[in-house]
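There are 2 protein chains.
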Amino acid sequence: MDKNNAPQPLYTAHGKPAGRIRQKNEESILAAAAEEFARYGFKGTSMNAIATRAGLPKANVHYYFNSKLGLYVEVMRHILELWDTAFDDLTVDDDPATALAEYIRIKMEFSRRHPEASKIFAMEVISGCECLSEHFNKDYRNWFRGRAAVFDAWIAAGKMDPVDPMHLIFMIWSSTQHYADFSDQIRRINGKRMTRADFARASDNLIAVILKGCGLTPPPTPER
Amino acid sequence: MDKNNAPQPLYTAHGKPAGRIRQKNEESILAAAAEEFARYGFKGTSMNAIATRAGLPKANVHYYFNSKLGLYVEVMRHILELWDTAFDDLTVDDDPATALAEYIRIKMEFSRRHPEASKIFAMEVISGCECLSEHFNKDYRNWFRGRAAVFDAWIAAGKMDPVDPMHLIFMIWSSTQHYADFSDQIRRINGKRMTRADFARASDNLIAVILKGCGLTPPPTPER
DNA sequence: GTCTATACTGCGATAGAC
DNA sequence: GTCTATCGCAGTATAGAC
Chain Y
34 MDKNNAPQPL
44 YTAHGKPAGR
54 IRQKNEESIL
64 AAAAEEFARY
74 GFKGTSMNAI
84 ATRAGLPKAN
94 VHYYFNSKLG
104 LYVEVMRHIL
114 ELWDTAFDDL
124 TVDDDPATAL
134 AEYIRIKMEF
144 SRRHPEASKI
154 FAMEVISGCE
164 CLSEHFNKDY
174 RNWFRGRAAV
184 FDAWIAAGKM
194 DPVDPMHLIF
204 MIWSSTQHYA
214 DFSDQIRRIN
224 GKRMTRADFA
234 RASDNLIAVI
244 LKGCGLTPPP
254 TPER
Chain C
34 MDKNNAPQPL
44 YTAHGKPAGR
54 IRQKNEESIL
64 AAAAEEFARY
74 GFKGTSMNAI
84 ATRAGLPKAN
94 VHYYFNSKLG
104 LYVEVMRHIL
114 ELWDTAFDDL
124 TVDDDPATAL
134 AEYIRIKMEF
144 SRRHPEASKI
154 FAMEVISGCE
164 CLSEHFNKDY
174 RNWFRGRAAV
184 FDAWIAAGKM
194 DPVDPMHLIF
204 MIWSSTQHYA
214 DFSDQIRRIN
224 GKRMTRADFA
234 RASDNLIAVI
244 LKGCGLTPPP
254 TPER
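So the protein sequences, as listed, match chains Y and C. For the first sequence, the positions run 34 to 257 when the working numbering is used. For the second sequence, the positions run 34 to 257 when the working numbering is used.
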């Protein structure tokens with residue numbers, strides 16, 4: 034009976050702390066799957082490749098995640114959890130320049146630290162959002178309208194230029210995600226990977242152009 | 034012997050104008066392949082799906098294009114032909130505002146008219162540019178450096194703010210291609226496809242923000 | 001829990017009748 | 001030039017020994 038009272042890391046029928054192994058393996062598989070899905074999309078990825086990358090036999094992947102689609106949605110779920118945490122608490126009383134600069138910096142940091150997540154999301158959207166169809170539900174559209182409303186309020190208050198909020202958000206999304214999704218193109222163009230300092234410079238540039246373009250004065254660059 | 038003197042639309046051994054059929058079929062296949070590759074990438078696309086979409090038996094696709102990879106590079110070649118035609122003749126003497134606005138408008142028009150081309154390119158880059166490795170050669174990097182040099186000259190002449198040319202180009206590329214690559218996300222967010230007028234508004238917004246962000250005065254919007 | 005062996009399907013590609 | 005039939009292989013998924 035004690036077994037049933039155990040917390041989240043479940044125990045097996047043998048009473049052994051197999052949760053440890055399970056957790057470790059599931060993480061390996063999820064990480065391997067993320068890399069493969071980021072490169073080849075859902076259809077282009079094979080369970081074999083995922084298993085090999087995770088250092089496990091193919092059957093084990095099916096043991097932990099029943100099907101390829103199941104594994105995919107799990108990977109997707111993890112990504113969407115990482116996402117959308119910022120920019121949630123945006124209000125009319127915030128300073129537009131500070132809020133926008135902060136959002137751009139957060140998005141860029143995400144591109145730098147989780148490029149695979151961005152790529153998987155991009156692949157999924159390009160492929161027609163078959164798996165994300167329920168993600169773009171009423172809640173999501175309401176979130177989007179909420180942010181747009183704040184922009185409109187700022188504009189009405191004369192705090193910034195009359196820029197279409199939707200297109201502004203798209204602009205921020207695309208220009209920041211670009212550094213994750215197209216990292217290979219960037220690498221080939223200037224012959225080397227983007228360093229942390231390169232990302233900082235890119236952030237500064239984006240913030241300078243976008244904020245000035247909206248009639249805002251960029252806040253001072255934070256210390257680095 | 035006359036057969037051998039015939040111009041490009043070749044004739045078959047039967048002397049019939051089979052070039053017509055060949056041309057028509059090849060076009061169908063290329064169009065079908067573009068749609069499939071745009072959705073599923075190279076690995077995720079099957080020759081069967083292409084053949085079905087083109088309304089031909091699978092074997093015919095192999096007859097016209099020897100292999101899947103051959104067909105893919107052919108599709109890619111067509112795309113790269115469409116691309117990169119604009120912005121080539123940029124010189125220091127051009128007016129920055131006019132030139133940038135024009136480039137943004139051209140890129141947006143491309144996103145509107147050839148979304149599949151943009152998607153295939155995006156997929157290829159996200160997948161690591163395996164097929165495009167030779168596309169990013171010295172010539173390409175020189176092209177890029179050439180444009181950047183013009184920006185630097187404009188900046189040195191005090192015609193625009195000191196914006197990093199590379200990041201500015203990335204910004205224009207990403208924000209315009211976004212309307213092609215992420216069209217599905219956009220459609221789901223605001224419940225309908227972007228119309229021609231929507232694209233025009235998006236262009237105007239991008240031009241307004243980016244040009245002002247670079248310290249430039251946008252030229253008057255052309256008549257529509 | 002783990003892994004080998006295997007069922008079954010769909011893939012890219014080709015042979016060969018028409 | 002066109003299309004059916006088929007080869008060989010890689011794909012997802014599962015059964016069952018350990």
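Note that beta-carbon positions come from the ideal geometry of N, C-alpha and C, so glycine has one too.
Query, Result
"Cβ-Cβ separation, C164(Y) to R221(C) (assumed contact under 8 Å), whole Å", "So it is not a contact: roughly 13 Å between Cβ atoms."
"Whole-angstrom distance between H200(Y) and P252(C), CA atom to CA atom", "20 Å"
"Separation of A213(Y) from A64(Y), as counted between CA atoms", "17 Å"
"Three or more C-beta pairs below 8 Å linking the stretch 174–192 of chain C and the stretch 187–194 of chain Y", "no"
"Three-state class that DSSP yields for V158(Y) in the structure shown", "helix"
"Where the alpha helix (DSSP H) containing W206(Y) begins and where it ends", "198–214"
"Three-state secondary structure assigned by DSSP to K91(C)", "helix"
"Three-state secondary structure (DSSP) of M227(C)", "coil"
"For N58(C), the nearest candidate out of R110(C), M80(C), F215(C), V94(C) (CA to CA)", "V94(C)"
"Closer than 8 Å to chain C by CB, N81(Y)", "no"
"Short Cβ contact (8 Å threshold) for A155(Y) with Q210(Y)", "yes"
"Residue from F169(C), A181(C), G248(C) whose Cα sits closest to the Cα of K225(Y)", "F169(C)"
"Alpha-carbon spacing of G74(C) relative to F143(C), whole angstroms", "20 Å"
"Close-in-space but distant-in-sequence residues of the same chain around I258(Y) (CB under 6 Å, 5 per side omitted)", "Any property of residue 258(Y) remains undetermined from this structure, which presents chain Y solely from 34 to 257."
"Three-state class that DSSP yields for K101(Y) in the structure shown", "helix"
"Given K140(C) as reference, the closest of P198(C), R72(C), F203(C), E68(C) once Cα atoms are compared", "F203(C)"
"Contacting positions in the stretch 110–144 of chain C - beta carbon closer than 9 Å to chain Y", "none"
"Interface flag, K225(C) vs chain Y, CB-CB below 8 Å", "no"
"Cβ shell of D185(C) (< 8 Å), same chain only, five flanking positions each side left out", "P198"
"A87(Y) at chain C interface by Cβ criterion, 8 Å", "no"
"With 16 other Cβ atoms within 10 Å as the buried cut-off, status of S160(C)", "buried"
"Cutoff 8 Å: K171(C) Cβ touching any chain Y Cβ", "no"
"Chain-order list of residues whose beta-carbon lies under 6 Å from that of K152(C) (same chain, five-residue window excluded)", "A71, D214"
"Below-8 Å beta-carbon distance, H147(C) vs any chain Y residue", "no"
"Contact check, V183(Y) vs T124(Y), beta carbons under 8 Å", "yes"
"Local conformation of H111(Y) per DSSP, three classes", "helix"
"Rounded separation between A150(C) and V158(Y) - CA only", "15 Å"
"Exposure of K262(C), with buried meaning 16 or more beta-carbon neighbours within 10 Å", "Residue 262(C) is absent from the structure shown; chain C starts at 34 and stops at 257."
"First and last residue of the uninterrupted alpha helix (DSSP H) at A182(Y)", "171–189"
"Environment of G77(C) [buried if 16+ CB atoms lie within 10 Å]", "buried"
"Inter-residue spacing [alpha-carbon to alpha-carbon] between I240(C) and S207(Y)", "15 Å"
"Alpha carbon of I205(Y) to alpha carbon of I62(C), nearest angstrom", "37 Å"
"Residue-chain proximity (K152(Y), chain C), Cβ-Cβ < 8 Å", "yes"
"Coil, strand or helix - G248(Y) by DSSP", "coil"
"Residues from the stretch 196–230 of chain C in contact with chain Y, defined by Cβ distance under 8 Å", "V196, D197, M199, H200, L201, F203, M204, W206, S207, S208, Q210, H211, Y212, D214, F215, D217, Q218, I219, R221, I222, N223, G224"
"Exposure label - Y136(C); buried when at least 16 CB within 10 Å", "buried"
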